[in-house]
Each structure stands twice: as structure tokens, then as C-alpha cells.
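First to last, the protein sequences are chains A and B.
Numbering follows the numbering used here, in which position 150 of the first sequence is assigned residue number 147; successive positions increment by one, without gaps.
Each number in the numbering used here corresponds to the 1-based position in the second sequence with 3 added.
For glycine and all other residues, C-beta sits at the position ideal for the given N, C-alpha and C.
Have a look at the structure below before the remarks.
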Amino acid sequence: MSQPTFGQPQPEPGDAAAAAGTASSAGAAAATAAAATSAGATAASQYAPAVPRAGRHRNLSPLQRFLARASSVIVVIAALGAGNLVLKLTPDTDGRERPFLAGGEQGDTVDADRFKATLVQVRTAAVVKVSNATHDTQGVWVILRVRFESQEEPLAIAYAALVDSQDRSFFATDRIRQPLVDGSRILQPGIRVEGDVAFEVPHDAVGLTAQFATAVVDRRMQAVTDISLPLGSGVWLNREPAAIEPIEVNP
Amino acid sequence: MSQLAGMGRKAASHLMLQSKQWWGVSLGVLILAASGLFGGLDSAPPPPPTAVNSEIDAGPWKVTITGARLVGELPPMRLSDKGNMWIVVLATVEITADQTWRHLNEIVQLDPIDGLKRKVSRNSAKVPVHFNDGIVLMRDAAKIDQLNPGMPEKIAIFWELTAGAKIPAEVKVYIGHREHRINTLTNHLEWMDLSEENRAVAVPVVDKRESTAATQ
């Protein structure tokens, strides 16, 4: 006869069901079945002692069992909530990979890693003039005189935008040709190039900053200038068409 | 009669013995069969074309198609052959995205027309369309390929029709739709194609060749 193992019913002398619990061989099982049949299974189970359950939940009352299960559910919900909180507190992919903004004011030489930019002058107008053609707008023309200088290698400025306080970006207009910022003008290192860049913004655009970069589309983790424009909330518009001045080299 | 009642009782008792899963599956099969019988499994018909002068909110832009014209040479758009014509669709477009939208090609696409110079392409919904030959800002007749947010503009979209082609009395255009959501590949928030939402607008074509010829 084998020894009772932990968690198995403890045999009682003369108890058929207990005998079944301790039987280990096939023969013993058969004998047990016969004994159960002869002694009466009902009677055997009726007199069987309370079976001690294994683990920390043995002999728990229904309330304790409920509380144990409920606490498991609460722990899982708390873990999910904590995970969600961590996700909310950490920056998303767009935030993690945002451009590195190099701030400055008019007149400052702003270092944007591969190039330097200086905002020389800011004009606003209702109409811009290029050669003999004039272009009106439903908003405001903002014309920046900007000086660029490549730091180490030939490059081109391919992104120029004004960003307002609502985080709206207004790219340099394509209604006129703007080779200085459309990626076509190559800047050689050490040679300063200055020119006008025209933007069209709606009347409600305030708190404008000028952003320039070499990347056309993907500016993630790229150095981008962020130069504040000295414009108040109300912009006085010159009725005279503002002429776009030609590009100058080493002004 | 009693034999029939006996069979009924037998069937009822058989059904009572079935499991919940059996009942669930049987109910699902019945619903599917009924749906299929009444056309519930058929693909939904496309929405009817939107009327001219109705604003369509298509995600990063709102588009109102205002008309279509057939014109001759009309600077700054140059025909490749003097005998050809332009089909011009007029629209008011407002960018509602938070930055200037470059590449306006997908906003208004033309349903295929015989005799059009530009080849048929497939848009993001795999629908055969003609992308345009150029877009002109009505304000100053400047050729453009970008529009600013918060500044609705009237634009003219051009397609070149070859000489001798049948003049369409009406053209159908599709408005491209996009939705702002996370790109599951890059995890970036982007304006993604919402191809199943391509809305069509049927636009009557007004022949203005004589008036444009007079301005040349």
C-alpha cells in the first residue's frame, strides 16, 4: 500500500472510499470498485471526511473564495490601468521624433546644424509683385528677407514655412517661383546667400515663427530653425504691391 | 395523426437535449441564410453622385464642385495641339488639415472619358480615373500644386481632350477621401487613404470654346 500524498484524501479504517484513494495498482482499483459497489457508494461518500484542499485556498469559506478571485481581477485591472497611464505620460512616436527646433529672433544668426539662417527683414502686404505680374491674397502676404549659409557641405533649403500659434504650417507660396527655398538653389559652404521668401497666411494667423530645413518631407529628428517674427496680432498691410527682390550672394 | 404527434414530440425532446453551442451555431446559420436570401450578403451599392454645389467633407479638405467647362487654349495652360480642348472642372477647395497640402492631384479625379490625352490610372480605391494635367488658381491664374489651411480657394482643374473626340455632355469626378489616424506601419499620425469613401459628383459640361477663342 502506497503512502498517501499531500492533498489526497486521508484514509479512514474500514472506509471503502478511503481505500479507493490509497489504492495504487490496477488490481487495487478493481478491488476498490468492487468494494464501492458492495458497500454502497452513497454511504461511503456520506461518511468520507472533509477533503483538505491544497494550496493557500484550502478550507476557504465562500466569501473568502470570492474575495480571493475579486482581488485577482482587481490586480489585473490595476496593472492594465498602470500600463495605460505610462503610455499616456510617455510621448508618442511623433513627439519622440519631432524636429530639433533652433530658436531665435530677427537679426540672430540661428544655427540649424548643417546651415545658418538669419532673418534680416519682415514685410507684410496685400499684393506681391514679381516682374510685371501682381498676386493678391485673401489673407496677408508675409515676405521675409532671409540669409542662409551652409556650414560644411553644399546643400539646398527645401522646406520653408510659417507656423502660427494654432500649430498650422503655411509653406512658402508656389504661386511665384522661389528657388531659394524650393530645393533648387545649392548653397556652397562659406558663401552667404540672401533673398526674399513669400508666404501667404490667413488673417487669423498670429504668433508666427519662420521654419527652414533641408528636408523636403521627412523632418523627423532634423534640425529646423524657429525664428519668431516681430509681428503683432494686427498687421498693417501696405496697399502698395510688395516687390520680391532678387537673390544676392555674399551681401 | 398520433404518429405525427409522436414524431413532433420526439423532435422537440431531441432539440431540448442540444447544447447551448449547438443552439448558437444553428441560430447564426439561420440568420446568415435569411440575410443571403434577401440580399443581405450582396455588396452595398455605391452612394449616388453628390450634386454640384454641395460641399463634401473629405478629411483634410472640403470640396465643392461648382461646374465644368469645355474651353480652347487658356493660359497658363497650353494645349499640346491647337485642335485639342480642355475639360475644366471648377471647384472650391478648403484645406482643413493643419498644414499646407502639397500635390493636389488626388483631390479631384476624372472618371475615364474616351479621347482624353492623359492615360487612365487607378486611384487608391483601384477605380480607373484620369489624374489632371494641371491646376490653376482662379484668383490670379497662377499654376499651383498646393493650398494653405484656412484659406478656401476657387480652382480650375484641367484635362486635355484630343481633337475629334466625342464632347461629353456631363463628366463624373471622384473626390479623394482621407482620414487622420495612426499608420500601423510607422506608428505616426497621418492622413491615410479612405478609399472606400471616394464620392462621385456628376457635373454638366458647358461649352465655352467660342468665348475662350475670342480672348486669344
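DSSP state of residue i, grouped into three classes?
i	result
M10/B	helix
K122/B	coil
M19/B	helix
G92/A	helix
G70/B	strand
P8/A	Low per-residue confidence applies at P8/A: pLDDT is 46, beneath 50, and the placement is therefore not dependable, though the value from the model is reported in the following sentence. Reduced to three states, the DSSP call for P8/A is coil.
R62/A	helix
G100/A	strand
G31/B	helix
A100/B	coil
K85/B	coil
I74/A	helix
E163/B	strand
Q112/B	strand
G42/B	coil
E191/A	strand
A79/A	helix
E149/A	coil
S198/B	helix
L86/A	helix
Q219/A	coil
L226/A	coil
What's the C-alpha gap between residue i and residue j?
i	j	result
D133/A	E237/A	11 Å
D45/B	S29/B	22 Å
E146/A	D201/A	32 Å
A26/A	S16/B	With a pLDDT of 45 at A26/A, under the threshold of 50, the modelled position of that residue is not reliable, and no figure is offered here.
V194/A	V178/A	8 Å
F168/A	A166/B	39 Å
T67/B	G101/A	41 Å
L18/B	H183/B	51 Å
D117/B	V176/B	15 Å
R93/A	N190/B	11 Å
A123/A	L77/A	56 Å
E149/A	L184/A	10 Å
S225/A	A207/A	6 Å
A14/B	N81/A	53 Å
S68/A	N56/A	18 Å
D89/A	V204/B	39 Å
T29/A	W26/B	Its pLDDT being 48, under 50, T29/A is placed unreliably by the model, and the measurement read from it follows with that caveat. Approximately 41 Å between the Cα atoms of the pair.
N56/B	K169/B	26 Å
Q163/A	G229/A	15 Å
I34/B	M154/B	51 Å
S58/A	A75/A	26 Å
L192/B	L20/B	54 Å
A99/A	L205/A	15 Å
Which same chain residues, not among the five before or five after residue i, have their C-beta less than 8 Å away from its C-beta?
i	result
P115/B	V123, P131, V132, H133
L82/B	G75, E76, M88, W89, E163
I181/B	Note that residue 181/B is Arg in the sequence shown, not Ile. Result list for R181/B: A61, G62, P63, W194, M195, D196, L197, in chain order.
V213/A	A155, Y156, G180
E213/B	none
G187/A	E146, S147
D84/B	T165, A166
For residue i, which of the options has the nearest alpha-carbon?
i	options	result
R172/A	A130/A, L116/A, V83/A	A130/A
L159/A	P227/A, N56/A, D89/A	P227/A
S181/A	N247/A, P151/A, R62/A	P151/A
L113/B	W104/B, A94/B, R105/B	A94/B
V99/B	Q149/B, I138/B, S198/B, L35/B	Note on identity: in this sequence residue 99/B is Thr, with Val being the wrong assignment. Cα-wise, what sits closest to T99/B is Q149/B.
H106/B	G118/B, S127/B, I147/B	I147/B
N135/B	W104/B, A144/B, A168/B, M80/B	M80/B
K249/B	G86/B, W104/B, G43/B, G179/B	Because chain B is modelled from 4 through 219, residue 249/B falls outside the range shown and cannot be assessed.
R202/B	A54/B, G11/B, S38/B, Q24/B	A54/B
G104/A	R142/A, V127/A, V72/A	R142/A
V127/A	G137/B, I138/B, D143/B, S127/B	D143/B
Under 6 Å Cβ to Cβ from residue i, same chain only, skipping five residues before and after it: list those, please.
i	result
E245/A	E191
A210/A	Y156, R216, Q219, V221
R120/A	I140, A239
D210/B	L73
K113/A	T106, E146
S233/B	Because chain B in this structure spans residues 4 to 219, residue 233/B falls outside the shown range and cannot be described.
K157/B	T95, M141
Using a Cβ-Cβ cutoff of less than 7 Å, which residues in the same chain neighbour residue i once the five nearest sequence positions on both sides are dropped?
i	result
S197/A	A small correction: the amino acid at residue 197/A is Glu; Ser does not occupy that position in the sequence shown. Hits under 7 Å: T134, G136, W138, F167, T170.
P171/B	I116, V208
- Listed from N- to C-terminal order along the chain, which residues in the stretch 118 to 147 of chain B have their beta-carbon within a distance smaller than 9 Å of any beta-carbon of chain A? Taking 9 Å as the Cβ-Cβ cut-off, the stretch 118 to 147 of chain B approaches chain A at L140, R142, D143, A145, K146, I147, given in chain order.
- Interface positions of the stretch 97 to 110 of chain B facing chain A (Cβ-Cβ less than 8 Å), listed along the chain: D101, Q102, T103, R105
- May I ask you to list, following chain order, the residues of the stretch 125 to 151 of chain A that have a beta carbon less than 7 Å from some beta carbon of chain B? H132, D133, Q135, G136
- Task: Residues of the stretch 88 to 99 of chain A with a CB closer than 9 Å to any CB of chain B: list them in chain order, please.
- Result: D89, T90, D91, E94
- Mind listing which residues of the stretch 171 to 182 of chain A have their C-beta closer than 9 Å to chain B's C-betas, in chain order? D171, R172, I173
- Item | Against chain A: residues of the stretch 182 to 197 of chain B by CB proximity under 7 Å | N190, H191, L192
- Query: What residues in the stretch 147 to 158 of chain B have a beta carbon less than 7 Å from any beta carbon of chain A?
  - Reply: I147, D148, Q149, N151, P152, G153, M154
- Of all the residues that make up the stretch 193 to 212 of chain A, which are near chain B by a beta-carbon distance shorter than 8 Å? E197, V198, P199, D201, A202
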